[in-house]
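Note sheet for the following structure.
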Amino acid sequence: MSFPWANEYKPSHPAMVWLDEKLPLPRFVFNAVGAGYPVPRNLNYMYNFGVLAGVCLMIQIITGVVLAMHYAANTGVAFDSTEHIMRDVNWGWLLRYAHANGASAFFVVVYFHIFRGFFYGSYKAPREMIWLIGVLIFLLMMATAFMGYVLPWGQMSYWGAKVITGLFGAIPLVGEPIQTWLLGGFAPDQAALNRFFSLHFLLPFVILGVVILHIWALHIPGSTNPTGVEVKQESDTVPFHPYYTAKDGFGLGVFLIFYCAMVFFAPNALGHPDNYIPANPMQTPAHIVPEWYFWPFYAILRAFTQDFLFIPAKLLGVLAMFSSILVWFLLPWLDNSPVRSGHFRPTFKKFFWLLVVDVAVLGYCGGSPAEEPYVIISQIAALYYFAHFFIVLPIVSMIEKPLPLPFSITESVLGKDDAATVAPAE
Amino acid sequence: MIRIFSLLAGAFFSLALLWSAGKGAVSYISEPTPKTVEASFHEHPKPLHLSSDGPFGTFDRQQLQRGFQVYSEVCATCHALKHVAYRDLAALGYNEAEVKAIAAKAQIPAYNPATGEVKMNPGQPKDHFPPVVYGGAGSPPDLSLVAKARHGGPAYIYSLLTGYADQAGYKNEKGEELLKKFPEAKTPDGLFFNPYFANLNIAMPAPLVSDGQVTYADGTKATVDQMAQDVSAFLMWTAEPKLEKRNQTGWPVIGFLLFATALAYMAYRTVWAGKKGH
Chain A
1 MSFPWANEYK PSHPAMVWLD EKLPLPRFVF NAVGAGYPVP RNLNYMYNFG
51 VLAGVCLMIQ IITGVVLAMH YAANTGVAFD STEHIMRDVN WGWLLRYAHA
101 NGASAFFVVV YFHIFRGFFY GSYKAPREMI WLIGVLIFLL MMATAFMGYV
151 LPWGQMSYWG AKVITGLFGA IPLVGEPIQT WLLGGFAPDQ AALNRFFSLH
201 FLLPFVILGV VILHIWALHI PGSTNPTGVE VKQESDTVPF HPYYTAKDGF
251 GLGVFLIFYC AMVFFAPNAL GHPDNYIPAN PMQTPAHIVP EWYFWPFYAI
301 LRAFTQDFLF IPAKLLGVLA MFSSILVWFL LPWLDNSPVR SGHFRPTFKK
351 FFWLLVVDVA VLGYCGGSPA EEPYVIISQI AALYYFAHFF IVLPIVSMIE
401 KPLPLPFSIT ESVLGKDDAA TVAPAE
Chain B
1 MIRIFSLLAG AFFSLALLWS AGKGAVSYIS EPTPKTVEAS FHEHPKPLHL
51 SSDGPFGTFD RQQLQRGFQV YSEVCATCHA LKHVAYRDLA ALGYNEAEVK
101 AIAAKAQIPA YNPATGEVKM NPGQPKDHFP PVVYGGAGSP PDLSLVAKAR
151 HGGPAYIYSL LTGYADQAGY KNEKGEELLK KFPEAKTPDG LFFNPYFANL
201 NIAMPAPLVS DGQVTYADGT KATVDQMAQD VSAFLMWTAE PKLEKRNQTG
251 WPVIGFLLFA TALAYMAYRT VWAGKKGH
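Chains as they are written, first to last, in full-length UniProt numbering: chain A, 1 to 426; chain B, 1 to 278.
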């Protein structure tokens with residue numbers, strides 16, 4: 001599961017030798033994120049975001065477990081118990097703001113991580129399984145974030161829950177029974193809040209388990225790199241520790257500066273004011289909007305305003321919204337260009353940046369009211385989104401002429417590859 | 001196979017979107033939605049500068065005490081403050097005896113399960129502000145969190161309190177006269193015209209009507225504008241009582257992180273020295 005030149009774990013202290021015989025946990029860590037894991041030497045800062053996502057998951061689990069000690073999942077007191085945390089629990093305001101902004105930070109770093117994967121072709125063979133597991137993690141994150149947002153039982157919590165579970169109601173025949181089953185009633189109420197709390201507590205640990213699979217799958221072929229050329233020899237790699245522990249340490253510091261600035265100085269900037277109003281089933285907010293990290297998908301959902309081929313518009317929107325993420329599962333087979341990195345794919349590169357702009361436009365429209373001109377802009381942007389994955393990528397990967405690749409990672413870094421010339425021909 | 005499926009799926013979603021966009025564009029051009037009265041006449045909050053603004057913000061305790069006085073003498077008639085306890089008022093600069101005296105003026109309902117009676121007791125510092133019985137039109141919201149529960153925050157509260165206007169002859173910045181443009185939008189009886197309120201008609205009559213409505217203990221001249229600013233500042237405190245502590249904690253945290261990140265950067269450069277090609 002690694003390269004033949006990987007350093008071997010050699011405990012010197014008798015206690016560590018003893019432990020290694022009984023339970024080789026230090027050996028496992030050494031081979032996973034220590035000096036025993038060779039990593040391409042040319043990773044850039046875009047490769048910091050995987051570790052940062054792991055840090056975000058830990059921040060969320062730790063703050064979340066403590067918040068759960070003070071929160072009460074009961075529709076009568078959920079909102080008040082949240083305020084109790086903010087006012088009367090020691091450092092409760094910090095826990096809650098760290099958790100709420102931690103969700104945003106988690107999505108920020110995961111979006112960087114995903115787009116890094118898009119650009120460098122991280123989903124391509126032999127790394128398909130890492131990618132598939134990654135998309136699964138993203139879906140689990142979305143479910144967890146959605147249910148977490150319901151817990152404070154504010155106006156947006158309530159109406160968000162109503163709208164999102166209502167999406168299942170669009171499925172023909174079985175939709176409404178499914179919606180009722182999910183909520184444990186006809187509208188969000190005690191049953192829904194209680195099960196959302198239970199699942200919101202459970203899912204992060206499921207995510208943690210799937211993250212371990214993600215990293216396990218990663219360690220079989222090893223990381224991709226900005227050239228997309230596979231590792232060939234020892235001079236192409238450096239040991240994870242100390243090289244990437246040092247680089248990730250610096251990246252973590254920069255991330256924490258931005259994150260803490262949000263938590264301490266603008267903790268409500270990304271939230272919606274209506275969620276400081278207690279849930280009221282009798283009063284619909286003027287504009288129901290999800291949290292910012294769902295805006296691009298919300299824009300796709302709302303872009304379908306007309307029935308098409310006798311399929312109701314609402315069902316089309318729901319299908320499209322789920323397809324917009326599920327299409328990522330097909331990505332390794334839709335884009336079969338033999339070249340991984342976008343640096344050497346001139347046509348792909350242009351479409352990649354168009355996709356980045358397109359998703360930003362979708363996000364902006366998703367956070368705006370469902371009025372013109374936002375609706376028509378979101379329709380055009382959604383059209384490009386689907387065209388990009390379903391049509392553009394398969395065609396570009398067939399017709400594009402990629403640029404010449406460097407011989408090796410070493411050559412791309414040093415400009416020459418002495419190791420390659422010295423190595424005997426095979 | 002997968003490519004044929006993907007082209008079909010792509011074509012399906014693209015055509016459905018083109019159909020939606022086309023029909024939307026046609027109806028947008030053929031029957032444009034008329035601009036609503038709210039879209040033309042709803043005003044964004046006026047600027048309000050408070051000492052609690054920004055990452056260095058602190059509360060002006062004199063102002064909070066004045067704002068609390070306005071709340072107690074004016075707002076408290078209809079609006080509750082249920083998330084705030086009397087003990088919290090110590091943060092406004094009141095000493096223990098003053099907090100006890102303020103609490104004692106309130107009547108806190110206590111339910112006796114043995115007799116089924118509800119008895120009114122004088123408040124103690126541990127008690128929260130009691131519920132307010134209100135029998136009039138509209139539903140006055142609890143004010144504890146209102147400064148975070150409205151777009152614009154305290155500036156919105158200040159603008160709303162000072163924004164009541166006579167609807168007859170009211171013009172917006174473009175010079176359009178409301179009742180000439182929207183004759184059907186006349187404020188109904190029992191409501192009051194206020195362009196800072198989302199639908200322009202609010203059930204609350206102007207609460208701050210004349211200078212000197214409150215006699216400030218610290219001698220500040222109680223103009224309507226001053227009272228509105230003070231009560232907005234006070235409600236910012238009730239909504240975010242930990243604001244000062246948050247800012248004061250934030251700076252050492254950021255300072256430490258800058259230092260640690262600089263060290264981490266130097267460690268990174270040292271570790272990598274000789275491994276970078278150029």
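The C-beta atom is built at its ideal place from N, Cα and C for all residues, glycine as well.
Sorting 302/A, 335/A and 279/A by C-alpha distance to the C-alpha of residue 319/A places 302/A at the top.
Approximately 18 Å separates the beta-carbon atoms of residue 104/B and residue 131/B; this is outside 8 Å, ruling out the contact. At a cut-off of 7 Å, the C-beta of residue 183/B has no neighbouring C-beta in chain A. DSSP places residue 119/B inside the beta strand (DSSP E), whose first and last residues are 117-122. If you draw a straight line from the Cα of residue 46/A to the Cα of residue 120/A, it is about 10 Å long. Between residue 376/A and residue 21/B, the beta carbon gap of about 6 Å places them in contact (Cβ cut-off 8 Å). With a cut-off of 8 Å on Cβ pairs, the region 165-180 of chain A is in contact with the region 310-324 of chain A, counting three or more such pairs. Between the alpha carbons of residue 275/B and residue 241/A lies a distance of about 14 Å. Contact check between the region 255-269 of chain A and the region 92-111 of chain A: three or more CB pairs, one atom from each, fall below 8 Å, which counts as touching.
Contacts between residue 272/B and chain A, judged by CB atoms closer than 8 Å, involve 243, 246 and 247 in chain order. Counting only residues of its own chain and dropping the five nearest sequence neighbours on each side, residue 45/B has a CB closer than 7 Å to the CB of 152, 155, 156, 159 and 196. At least 7 Å separates the CB of residue 46/B from every CB of chain A.
Cα atoms of residue 19/A and residue 126/B: separation of roughly 55 Å, rounded to the nearest angstrom.
Remark: C-beta atoms of residue 295/A and residue 185/A do not approach each other more closely than 7 Å. Contacts with chain B (Cβ-Cβ distance below 7 Å) from the region 373-399 of chain A involve 375, 376, 379, 380, 382, 383, 386, 387, 390, 391 and 394, listed in chain order.
Cβ-Cβ separation between residue 165/B and residue 129/B: approximately 31 Å, too far for a contact (criterion under 8 Å).
Sequence-distant Cβ neighbours of residue 312/A in its own chain, meaning closer than 8 Å and more than five residues away, are 170.
Distances from the CA of residue 243/A to each of 224/B, 268/B and 262/B were compared; the closest alpha carbon is that of 268/B.
Restricting attention to 111/A, 250/A and 31/A, the CA atom closest to the CA of residue 355/A is found in 111/A. The straight-line gap separating the alpha-carbon atoms of residue 50/B and residue 233/B is approximately 7 Å.
Buried is the label assigned to residue 250/B, since at least 16 other Cβ atoms lie within 10 Å of its Cβ. Per DSSP, the unbroken alpha helix (DSSP H) holding residue 29/A starts and ends at 25-33. Residue 17/A and residue 148/A have their C-alpha atoms spaced approximately 45 Å apart.
Listed along chain B is no residue with a C-beta nearer than 9 Å to that of residue 128/A; the closest approach is about 13 Å. The beta carbon of residue 253/B sits closer than 7 Å to some beta carbon of chain A. For the region 117-162 of chain B, the continuous alpha helix (DSSP H) assignments of 4+ residues that do not extend past its boundaries occur at 154-162, in sequence order. Closer than 7 Å to the CB of residue 151/B there is at least one CB belonging to chain A.
Chain order gives the chain A residues near residue 267/B as 242, 246, 249 and 250, where near means a beta carbon separation below 9 Å.
Along the region 55-83 of chain B, going in chain order, the ones with a CB nearer than 7 Å to a CB of chain A are 55 and 83. Taking a contact as a CB-CB distance under 8 Å, the pair residue 274/A and residue 410/A does not count as one, their CB atoms being some 56 Å apart. Annotated as proximal: residue 213/A and residue 133/A, with beta-carbon spacing under 7 Å. Along the region 276-336 of chain A, the alpha helix (DSSP H) occurs as fully enclosed runs of 4 or more residues at 295-303 and 313-334, listed in sequence order. Look at residue 325/A: its C-beta is not under 7 Å from any C-beta on chain B.
Close to chain B, meaning a Cβ-Cβ distance shorter than 8 Å, are the following residues of the region 278-304 of chain A: 286, 303 and 304. According to DSSP, residue 154/A shares a beta bridge with 278/A. Residue 108/A and residue 1/B have their C-alpha atoms spaced approximately 35 Å apart.
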